[in-house]
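Only one structure is covered here, and it is reproduced in the block below.
Number of protein chains: 2
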Amino acid sequence: MTEEAKNTAVRRSYRHGDLRRALLDAGIALARSGGPDAVVLREATRQAGVVPNAAYRHFSSRDDLVRAVRAYALSQVAIAMETELARIPAELPPLAFAQASVRAVGTGYLHYAHAEPGLFKTAFFFHENVDADTDPAKAGRSGMNPFQLLSMALERLATAGGLPPERRLGAEYLAWSAVHGLALLVSEGPLHGMPEVQRQMLGQRLLDMVEKGL
Amino acid sequence: MTEEAKNTAVRRSYRHGDLRRALLDAGIALARSGGPDAVVLREATRQAGVVPNAAYRHFSSRDDLVRAVRAYALSQVAIAMETELARIPAELPPLAFAQASVRAVGTGYLHYAHAEPGLFKTAFFFHENVDADTDPAKAGRSGMNPFQLLSMALERLATAGGLPPERRLGAEYLAWSAVHGLALLVSEGPLHGMPEVQRQMLGQRLLDMVEKGL
DNA sequence: GCCAAATGTGTACGCCGTACACATAAAATA
DNA sequence: TATTTTATGTGTACGGCGTACACATTTGGC
């Protein structure tokens, strides 16, 4: 037992080893199964096998913990988008490549919202404590956040001639609106639990709509 | 003082008069300034000048009170939509009338989301306790809920030939997605506090997108 | 080896939702 | 009108939450 007292295990020594990590993991697990409201500080400390107040050595408040979980969730969303982007054949003609990029970021976004509703909701749970630098997103794997990835895709589209310059400004928000709305209906709204096939179908039609209507 | 001890007033007699109404009013006020999470039962009873447990004679739980507030908020959304629908000149040619209808319901929805972010969020706060008959909405003034009003507008569009039959199925959800997404970005998201003009502009462009892309 | 900094503990407070027994006013019945 | 039932508000209590403050223990630098 060279290394004991790890993240989820109930440690035996006074010191924990990496309590911050353990609390974050617990917070992520809680958010995964219930969204941001389910991230309760005392429960996280319980899972880490530590007294409630120990958390305050690593997070200044419950909200601070939620923020950390949100940063994680946002990076996961970014990764989901990047994964879809990576599937695009590089040899595609410019316009097709750009269109595929827009669809890819949308698909990744929708996919994550369906696969991890709780974390998705945590990632884009505005409402409270929105500080400018955190919003709309934190880091991704490529160093870009979800919003930046969307902007990039739309810029590709504009450059390739698929998006008239006069419609460029604010296009991120229009596309984001459409995709975000469907993501919510699917992840926690009336479309929750919809069969996979129908969900993908609806996602594709929504992206058609965005592409045609932008 | 023929009638005293009304809604917000702190009554003097043992009986309140209409505690249920007073609690609902308080709940609405709380939701208005902070969304569903701000609806705290004890505060509502405080505002009604009554002991906490008195609430349980009228609402079986806090969630029950929130549900009542949500029903109110939904009816207000419906009314906002109906108000916009009423502005449409009846003598318009069928297709134009149908298109105007779709825009009207979208505009009403967006307008309410901007004017009453807290209540809007309460109205469409899925996530918890979604029971089939309550979802997606409760009653409006015309007896229709927001979702039904949207469906009606889209049906007009389909009938007028503005929406190909093969694209009719699920069109409500596509349109709803787009509008709902923007409503969220505006009411509690990164677009919160955006100047009125820009907001309306963005709303119109979004509805353009929906119209062209559906 | 000693001291200071970092990290976990103990105790306590005021919120919250809500269960249960009790008090009182209004309505129904006689 | 007198009495009983029912509706409605009160009192007390419990456990859970976030978190403030003082205290204990370990670790790391000198």
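Chains as they are written, first to last, in the numbering used here: chain W, 11 to 224; chain X, 11 to 224.
Glycine included, every Cβ here is placed at the ideal spot set by N, Cα and C.
Okay, do the region 97-113 of chain W and the region 60-78 of chain W touch, 3+ Cβ pairs below 8 Å being the bar? no
Let me know if residue 187 of chain X comes out buried or exposed under the rule of 16 or more other beta-carbons within 10 Å of its beta-carbon. Along the second sequence, read from residue 1 onward, the residue named residue 187 of chain X stands at position 177. Buried, because 16 or more other Cβ atoms sit within 10 Å of the Cβ of residue 187 of chain X.
Short of 7 Å Cβ to Cβ, which residues in the region 190-203 of chain X face chain W? 190, 191, 192, 194, 195, 198, 199, 200 and 201
Tell me the rounded alpha-carbon separation between residue 165 of chain X and residue 113 of chain X. Here the question's residue 165 of chain X lines up with position 155 in the second sequence. Here the question's residue 113 of chain X lines up with position 103 in the second sequence. One C-alpha to the other measures close to 13 Å.
Going by DSSP in three states, residue 154 of chain X sits in which element: helix, strand or coil? As a first step, residue 154 of chain X must be located in the second sequence, where it is residue number 144. Reduced to three states, the DSSP call for residue 154 of chain X is coil.
For residue 218 of chain X, which residues in chain W fall below 8 Å Cβ to Cβ? Along the second sequence, read from residue 1 onward, the residue named residue 218 of chain X stands at position 208. Residues of chain W passing the Cβ test: 223.
Can you check the region 77-149 of chain X for any alpha helix (DSSP H) of at least 4 residues that lies completely inside it and give the ranges in chain order? 104-125 and 127-133
Close-in-space but distant-in-sequence residues of the same chain around residue 135 of chain W (CB under 6 Å, 5 per side omitted): Position 125 of the first sequence, counted from the start, is the residue given in the question as residue 135 of chain W. The residues are 46.
Measure the CB-CB distance between residue 51 of chain X and residue 79 of chain X and report whether it falls below 8 Å. For the purposes of this step, residue 51 of chain X is identified with residue 41 of the second sequence, where counting begins at 1. For the purposes of this step, residue 79 of chain X is identified with residue 69 of the second sequence, where counting begins at 1. Their beta carbons are not under 8 Å apart, which means residue 51 of chain X does not touch residue 79 of chain X by this criterion.
Under 7 Å between beta-carbons, which chain W residues line up against residue 77 of chain X? List them in chain order, please. As a working mapping, residue 77 of chain X is identified with position 67 in the second sequence. Here the premise fails: no neighbours, minimum Cβ distance about 16 Å.
Please compile the residues from chain W whose C-beta is within a distance smaller than 8 Å of the C-beta of residue 118 of chain X. For the purposes of this step, residue 118 of chain X is taken as residue 108 along the second sequence, with counting starting at 1. The premise fails here: residue 118 of chain X is roughly 16 Å from chain W at the closest Cβ pair, so nothing lies under 8 Å.
Environment of residue 131 of chain X [buried if 16+ CB atoms lie within 10 Å]: Walking along the second sequence from the start, residue 131 of chain X turns up at place 121. Flag for residue 131 of chain X reads buried.
Per-residue contacts from residue 130 of chain X into chain W (C-beta, under 8 Å): Against the second sequence, residue 130 of chain X aligns to sequence position 120. The premise fails here: residue 130 of chain X is roughly 11 Å from chain W at the closest Cβ pair, so nothing lies under 8 Å.
Once DSSP output is grouped into helix, strand and coil, what is the label at residue 174 of chain X? For this step, residue 174 of chain X is matched to residue 164 along the second sequence. The answer is coil: DSSP assigns residue 174 of chain X none of H, G, I, E or B.
Proximity test, Cβ basis, 8 Å: residue 171 of chain W and chain X: Working through the first sequence from its first residue, we reach residue 171 of chain W at position 161. Judged by the 8 Å Cβ criterion, residue 171 of chain W is not in contact with chain X.
Name the chain X residues that come within less than 7 Å of residue 188 of chain W, Cβ to Cβ? The residue given as residue 188 of chain W occupies position 178 in the first sequence. Residues of chain X passing the Cβ test: 187, 188 and 191.
Contact defined as beta carbons within less than 8 Å: I believe residue 41 of chain W pairs with residue 129 of chain W. What is the distance between those atoms, to the nearest angstrom? Taking the first sequence and counting its residues from 1, one reaches residue 41 of chain W at position 31. Taking the first sequence and counting its residues from 1, one reaches residue 129 of chain W at position 119. Between residue 129 of chain W and residue 41 of chain W the Cβ distance is about 6 Å, and since that is below 8 Å, they are a contact.
Against residue 212 of chain W, what residues of chain X qualify as contacts under a CB-to-CB distance less than 9 Å, listed in chain order? Translated into positions along the first sequence, residue 212 of chain W becomes position 202. 180, 183, 184 and 187, listed in chain order.
Report back the beta-carbon spacing between residue 161 of chain X and residue 182 of chain X to the nearest angstrom; my notes put them in contact at under 8 Å. The count along the second sequence starts at 1 and reaches residue 161 of chain X at position 151. The count along the second sequence starts at 1 and reaches residue 182 of chain X at position 172. Confirmed, Cβ separation roughly 5 Å.
Residues of chain W with CB under 9 Å from residue 25 of chain X, in chain order? Within the second sequence, residue 25 of chain X is the residue found at index 15, counting from 1. Here the premise fails: no neighbours, minimum Cβ distance about 36 Å.
Select from X:180, X:172 and X:119 the residue whose C-alpha is nearest the C-alpha of residue 213 of chain X. Locating residue 213 of chain X in the second sequence gives position 203, counting from the first residue. Out of X:180, X:172 and X:119, X:119 has the C-alpha closest to the C-alpha of residue 213 of chain X.
Using a cut-off of 9 Å between C-beta atoms, extract the partners of residue 72 of chain X located in chain W. Here residue 72 of chain X refers to the residue found at position 62 when the second sequence is read from its first residue. Simply none; closest approach about 13 Å.
DSSP-derived helix/strand/coil call for residue 58 of chain W: Position 48 of the first sequence, counted from the start, is the residue given in the question as residue 58 of chain W. If DSSP states are grouped into helix, strand and coil, residue 58 of chain W belongs with coil.
In terms of residues, what are the limits of the alpha helix (DSSP H) holding residue 216 of chain W? Working through the first sequence from its first residue, we reach residue 216 of chain W at position 206. Where residue 216 of chain W is concerned, the enclosing alpha helix (DSSP H) stretches over 206-223.
Which term fits residue 117 of chain W, buried or exposed, when burial requires 16 or more other beta carbons within 10 angstroms of its beta carbon? As a position in the first sequence, residue 117 of chain W is number 107, starting the count at 1. Label assigned to residue 117 of chain W: buried.
Residue 25 of chain W, enclosing alpha helix (DSSP H) - first and last residue: The sequence position of residue 25 of chain W within the first sequence is 15, counting from 1. Element bounds for residue 25 of chain W: n/a, residue is neither H nor E.
Beta-carbon proximity check, residue 220 of chain W vs residue 223 of chain X, cutoff 8 Å: Locating residue 220 of chain W in the first sequence gives position 210, counting from the first residue. Locating residue 223 of chain X in the second sequence gives position 213, counting from the first residue. For residue 220 of chain W and residue 223 of chain X, yes; Cβs fall inside 8 Å.
DSSP state of residue 191 of chain X mapped onto helix, strand, coil: The count along the second sequence starts at 1 and reaches residue 191 of chain X at position 181. Helix.
Spatially closest choice to residue 229 of chain X from X:77, X:122 and X:98, by CA coordinates: It is not possible to answer for residue 229 of chain X, since the shown part of chain X is limited to 11 through 224.
Cα-Cα, which of W:168, W:82, W:208 and W:98 is closest to residue 156 of chain W? Stepping through the first sequence from its first residue, residue 156 of chain W is reached at position 146. The shortest Cα separation from residue 156 of chain W among W:168, W:82, W:208 and W:98 belongs to W:82.
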